[in-house]
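Read through the structure below, which is laid out as structure tokens, and then see the notes.
Number of protein chains: 2
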Amino acid sequence: MTTDESGAVPARLRNLPSRLLGQASTHAQRLVAEALGGADARKWHYAALVALEESGPASQAALSGRTGIHRSDLVAVINELAERELVERAPDPGDRRRNVVTLTPLGRRRLRKLEHLLDAAQEELLSPLSHQEREQLVHLLGRLVAHHAPADGTMGADGR
Amino acid sequence: MTTDESGAVPARLRNLPSRLLGQASTHAQRLVAEALGGADARKWHYAALVALEESGPASQAALSGRTGIHRSDLVAVINELAERELVERAPDPGDRRRNVVTLTPLGRRRLRKLEHLLDAAQEELLSPLSHQEREQLVHLLGRLVAHHAPADGTMGADGR
DNA sequence: GGCTAACGTTAGCCGCTCCAACGATTGAGT
DNA sequence: ACTCAATCGTTGGAGCGGCTAACGTTAGCC
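Here is the structure:
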């Protein structure tokens, strides 16, 4: 056995909204990472692929804005996607500072797979809640982040 | 100005529960850290002080169980609290492997202050929500973490 | 043409969580 | 009584995620 005696977390801590958010987020990230990890992917891979399918080929700066991935980190993400041939990175002939990142057919197919895995993870995450409650939760969280989000072009925060 | 054009995050990403949780959590942690940081404290300080006031003097292992702070990291937390004289660390005469950590009167007073700061942070965090909605949110999050929590003595996760 | 700004890239820091190992101490088994 | 396993506090370090700083390159402006 390990420890046991009164492993009770005080209610004052247990019901702290910020703490609940933190714990829920940790579990969520773990579930997502495990699900996508099974397909040799990380959450940022999914985000980038979605952004590409949604708005077509784009520069890395545009992708950064649409996904919330930091410029510095996007480099590695595109590297990983490119070496798996899910994406193609080519210099933009119109503006030679930029790269044009394009979704390959293989990438589009992979995106389908990731979507399924991701959906399963969300399902597992929300499994204790009814459909109504899930909508409530998403709605409330959306209000929260919308309120605290810069909302202007520059997003200072994460984007998990 | 920075970038601007169509900084629109695809809805498929924006409404992902796991992503919303991540962003909300990030904002929450930032608000809490800023609030407590103004009083030279970190969230774990608050957690430890609460646990001590709630259940009286305790060994570090017991504190770890009650707060969710990892054994390894609790050492530094107690160090910081002790050097601020909010807590006293003494060897347990009954079991010389253990330390008994005791809340000092100064520590109890400091806890009051941190509580106020923390409450203010929670208030700011939840400001866009009505009282009803806040209760809903806390309730839903509680269900989520309860479901995904080990619930046995050993908690494998965080405890933000 | 010279200044400013954007782009992609690299390197590194910081905070956080977690694991592995250690010496000291305890309690149980036989 | 002695051995053995387990617990406690502590240390060091690995790993990750988000972020800043700087650089060379390229574009646009006046």
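Going line by line, the protein sequences match chains B and Z. Per this note's numbering, the first sequence starts with residue 1, numbered consecutively. Per this note's numbering, the second sequence starts with residue 1001, numbered consecutively. Cβ coordinates follow ideal geometry from the N, Cα and C atoms, glycine included. Every value quoted in this text rests on a predicted model; they were computed, and no experiment measured them.
Requested in this report: Counting only runs of 3+ residues fully inside the segment 1009-1078 of chain Z, write out the beta strand (DSSP E) ranges in chain order.
Outcome: none
Query raised in the report: Around the Cβ of Z/H1116, are there at least 16 other Cβ atoms within 10 angstroms (buried) or fewer (exposed)?
Result: exposed
Report task. Just grab the DSSP bridge partners of B/L103 for me. Result -> B/V87
Query raised in the report: Are the beta-carbon atoms belonging to B/V87 and B/L52 less than 8 Å from one another?
Result: yes
Query raised in the report: For Z/T1104, which option in Z/G1065, Z/A1048, Z/Q1023 and Z/P1010 has the closest C-alpha, if you only look at C-alpha atoms?
Result: Z/A1048
**Report entry** First through last residue of the alpha helix (DSSP H) which encompasses Z/L1144
**Finding:** H1131 to H1148
Requested in this report: Quick one: residues in its chain with C-beta nearer than 6 Å to the C-beta of B/A157, no 5 flanking neighbours on either side, listed in chain order?
Outcome: At B/A157 the pLDDT is 47, less than 50, meaning the model places this residue with poor confidence; the figure from the coordinates comes in the next sentence. Cβ neighbours of B/A157 beyond the five flanking positions: none.
Query raised in the report: So, are the CB atoms of B/L118 and B/Y46 less than 8 Å apart?
Result: yes
Query raised in the report: Among Z/L1125, Z/E1054, Z/L1013 and Z/H1139, which one has its Cα closest to the Cα of Z/L1111?
Result: Z/E1054
**Report entry** Contact under 8 Å by Cβ, Z/K1043 with Z/A1028
**Finding:** no
Requested in this report: Return no unless some Cβ of chain B is closer than 8 Å to the Cβ of Z/E1034.
Outcome: no
**Report entry** Unbroken stretches of the alpha helix (DSSP H), 4 residues or longer, contained in the segment 109-133 of chain B
**Finding:** none
Query raised in the report: When the cut-off is 8 Å and only beta carbons count, does B/S130 lie next to chain Z?
Result: no
Query raised in the report: Are the C-beta atoms of Z/G1056 and some chain B residue less than 8 Å apart?
Result: no
Query raised in the report: How long is the line joining the alpha carbons of B/H70 and B/A61, rounded to whole angstroms?
Result: 9 Å
Query raised in the report: Can you find a CB in chain B that lies within less than 8 Å of the CB of Z/S1018?
Result: yes
Report task. Look at the Cβ atom of B/S18, then the Cβ atom of Z/L1125, and state whether they are nearer than 8 Å. Result -> yes
Report task. Tell me whether B/E5 is buried or exposed, calling it buried when 16 or more other Cβ atoms sit within 10 Å of its Cβ. Result -> Summary for B/E5: the model assigns pLDDT 42, below 50, so the residue's position carries little reliability; its value from the coordinates is reported in the next sentence. With fewer than 16 Cβ atoms within 10 Å of its Cβ, B/E5 is classed as exposed.
Requested in this report: Quick one: using the 10 Å Cβ neighbour count with 16 as the cut-off for buried, is B/S64 buried or exposed?
Outcome: buried
Query - 7 Å CB neighbourhood of B/L20 in its chain, flanking five on each side removed - result: none
Query raised in the report: Of the choices B/V138, B/R96 and B/T102, whose alpha-carbon is the least far from that of B/A58?
Result: B/T102
Requested in this report: Measure from the C-beta of B/H70 to each C-beta in chain Z and report whether the shortest distance is under 8 Å.
Outcome: no
Report task. Note down the Cα distance separating Z/S1022 from B/A149, rounded to an integer number of angstroms. Result -> The question names Ser, but residue 1022 of chain Z is Gly in the sequence shown. Distance between the alpha carbons of Z/G1022 and B/A149 is about 13 Å.
Query raised in the report: Going by C-alpha distance, which of B/G38, B/Q122 and B/S72 is nearest Z/L1013?
Result: B/Q122
**Report entry** Residues that Z/R1012 contacts on chain B, provided the C-beta gap is smaller than 8 Å
**Finding:** V50 and E54
Query raised in the report: With 16 other CB atoms within 10 Å as the buried threshold, where does B/A146 fall?
Result: exposed
**Report entry** beta-carbon B/P91 near the ligand MN non-hydrogen atom, thresh 7 Å
**Finding:** Although the ligand MN was asked about, the structure shown includes no ligands whatsoever.
Query raised in the report: Any residues in the segment 118-146 of chain B with a beta carbon nearer than 8 Å to a beta carbon of chain Z? Which ones, in chain order?
Result: L118, A121, Q122, L125, L126, S127, P128, L129, E133, R134, Q136, L137, V138, L140, L141, G142, R143, L144, V145 and A146
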